[in-house]
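Colleague: Under our numbering, think of the first position of the sequence shown as 2, with each following residue one higher. A virtual CB, placed ideally from N, CA and C, is assigned to each residue, including glycine. Take a look at this one; I'll ask things after.
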Amino acid sequence: MIHHELETAFSIDTSAIKFGPGVTREIGYEVARMGAKRVMVVTDPRMAKLEPVSVVLDSLRAEGIDAVLFDQVEVEPTDESFKEAIEFASNGSFDAFISVGGGSSIDTAKAANLYSTYPADFLTYVNAPIGQGEPVPGPLKPHVAVPTTSGTGSETTGVAIFDLLEMKAKTGLAHRALRPTMGIVDPENSRTLPGMVTACSGFDVLCHGLESYTAMPFSHREAPPNPGLRPSYQGSNPISDVWATRAIEMVSHNMVSAVKDAEDIESRSNMMLAATFAGVGFGNAGCHLPHGMSYPVSGMVREYVPDGYPDDHPIVPHGMSVILNAPAVFRCVCLKSRTAR
Ligand SMILES: [Zn+2]
């Protein structure tokens with residue numbers, strides 16, 4: 002076999018996506034089709050009281066599926082809140098997972114699915130160097146994600162982010178097996194979002210697009226000794242570029258109006274689609290400095306409680322911590338690409 006010095010291959014993986022106003026009502030049909038009989042519905046306490054969750058529960062129950070609600074997801078989850086969901090999942094004999102909410106709920110469901118399917122010490126699958134970075138041993142149970150924010154794109158990626166409290170560090174789990182089976186992207190679900198949440202998640206989408214488009218090209222990375230060692234974040238490539246650039250365009254046309262007016266369904270709908278587009282791009286290409294530099298920003302929060310977020314603990318929302326360093330990074334990236342020409 003010939004060993005190339007530099008990488009010559011890339012791949013694009015993504016979840017199945019169902020998009021459209023009202024598609025949440027079809028979740029029972031989709032989950033029944035997957036053969037699931039008893040499912041864990043993962044959400045946060047605020048969302049648990051809102052319409053998207055009741056629509057999901059009604060649709061599942063109408064198909065005769067035993068749907069058990071877990072509503073203790075923490076916004077910007079921690080190892081502690083992940084472990085609570087994992088314990089619930091481990092004791093529940095579930096055959097599928099449904100997440101309803103922002104990236105926090107979707108990521109928590111990924112962790113609950115992983116550790117209840119392949120039990121292990123918590124740090125086993127956590128990214129190195131903080132954890133051991135062991136690969137996921139095999140396929141997970143079906144996971145259908147219903148995003149209600151237009152940001153993380155977590156419904157299309159194999160990544161789950163959390164704060165490791167004892168180290169005050171943000172880290173995560175990353176493996177293609179963690180990618181949800183299906184994303185149900187329903188613009189009606191973003192109507193409940195406060196303006197500040199729409200703004201922060203919009204900045205997150207923008208950075209996913211910009212970072213995956215300007216990430217080091219896959220062909221500049223050294224080829225792995227075997228295909229199993231190819232990273233899931235492979236670098237920018239011709240296919241992820243299409244998704245990234247389209248997402249950036251959609252954000253530029255819709256973000257301001259979506260933030261200003263919750264009833265502007267067209268803008269909010271386009272922002273949700275943009276989040277999913279960007280997710281397909283960065284879920285394969287990866288992000289770089291603004292995301293990397295966001296983790297110390299959010300990890301060092303002392304007392305900041307932004308409007309529109311739960312007021313029981315201080316947080317710097319993910320999108321806000323990402324956008325903070327972005328202007329400096331992109332000034333530098335642009336300068337470099339100009340001098341390289
Ligand atoms: Zn992000």
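1. Expressed to the nearest angstrom, what Euclidean distance is found between the alpha-carbon atoms of E167 and M48?
2. Can you give me the C-alpha to C-alpha distance between S106 and A161, rounded to a whole angstrom?
3. Per DSSP, V147 is paired with what?
4. Over the uninterrupted alpha helix (DSSP H) stretch that includes A276, give me the two end residues.
5. Closest to A33 by CA distance: which of T153, G65, N238 and S299 is it?
6. Could you tell me if the beta carbon of V323 falls within a distance shorter than 7 Å of some heavy atom in ligand 2?
7. Indicate whether the contact test is met: 3 or more Cβ pairs, each with one atom in the segment 184-201 and one in the segment 300-312, closer than 8 Å.
8. Can you tell me whether K19 is helix, strand or coil according to DSSP?
9. If we call anything under 8 Å between Cβ atoms a contact, is G320 one with A286?
10. Which of the three DSSP states, helix, strand or coil, is assigned to R247?
11. Quick check: does the Cβ of H319 come within less than 7 Å of any heavy atom belonging to ligand 1?
12. For a test of your reading of the model: does the CB of H209 fall under 7 Å from any non-hydrogen atom of ligand 1? Yes or no.
13. Between which residues of its own chain and S91 is the CB-CB distance below 8 Å, once the five residues before and five after are set aside?
14. Any heavy atom of ligand 1 closer than 7 Å to the beta-carbon of D205?
15. My guess is that A275 and V330 are in contact by the Cβ rule of under 8 Å, so how many angstroms apart are they, rounded?
16. Could you check whether the Cβ of D172 sits closer than 7 Å to any heavy atom belonging to ligand 1?
17. Would you mind stating whether A175 and L141 have Cβ atoms separated by less than 8 Å?
18. Please return the same chain residues whose Cβ sits closer than 8 Å to the Cβ of S12, not counting the five positions on each side in sequence.
19. So is the beta-carbon of T215 under 7 Å away from any non-hydrogen atom of ligand 1?
20. Under a Cβ-count criterion, where at least 16 other Cβ atoms within 10 Å of its own Cβ denotes burial, should N227 be classed as buried or exposed?
21. Is it right to say R342 is buried, meaning 16 or more other beta carbons lie within 10 angstroms of its own, or is it exposed?
22. So, is D122 buried or exposed, given that buried needs 16 or more other C-beta atoms within 10 angstroms?
23. For the alpha helix (DSSP H) that R34 lies in, which residues bound it at each end?
24. Considering R39, what are the terminal residues of the beta strand (DSSP E) in which it resides?
25. Is H292 near ligand 1, with its Cβ less than 7 Å from a heavy atom?
26. Give the single residue among P22, D14, F283 and A10 whose Cα lies nearest to the Cα of I266.
27. CB-CB under 6 Å to M251, same chain, minus the five flanking residues each way: which ones, in chain order?
28. Would you check whether ligand 1 has a heavy atom nearer than 7 Å to the C-beta of T118?
29. Counting Cβ pairs closer than 8 Å, one from the segment 62-80 and one from the segment 27-43, do we hit at least three?
30. To test your reading of the DSSP string, which unbroken alpha helix (DSSP H) runs of 4 or more residues are found completely within the segment 67-146?
31. Check each candidate in S151, P138 and Y296 and name the one with the smallest Cα separation from A248.
32. For V186, tell me which candidate among F89, Y305 and V145 has the shortest Cα-Cα distance.
33. Going by the beta-carbon positions, is the gap between A216 and C333 smaller than 8 Å?
Modeller: With the structure as the only source:
1. 28 Å
2. 10 Å
3. V101
4. I266 to A286
5. G65
6. Because ligand 2 does not appear in the structure shown, any question about it cannot be addressed here, the ligands present being ligand 1.
7. yes
8. K19 sits in a strand when the DSSP states are folded into three classes.
9. no
10. helix
11. yes
12. yes
13. Y116, S117 and P120
14. yes
15. Contact doesn't hold; Cβ gap of about 20 Å is too wide.
16. A small correction: the amino acid at residue 172 is Thr; Asp does not occupy that position in the sequence shown. Answer for T172: no, Cβ out of range of ligand 1.
17. no
18. R231, Q235 and N285
19. no
20. exposed
21. A caution first: R342 carries a pLDDT of 47, below 50, which makes its placement in the model too unreliable to give a value.
22. exposed
23. I28 to R34
24. R39 to V43
25. yes
26. P22
27. N271 and A275
28. No, since every heavy atom of ligand 1 falls outside the 7 Å radius drawn around the Cβ of T118.
29. Inter-segment contact for the segment 62-80 and the segment 27-43 is present: three or more beta-carbon pairs are separated by less than 8 Å.
30. Entirely contained in the segment 67-146, the alpha helix (DSSP H) runs reaching 4 residues are, in chain order, 80-93 and 104-118.
31. S151
32. V145
33. no
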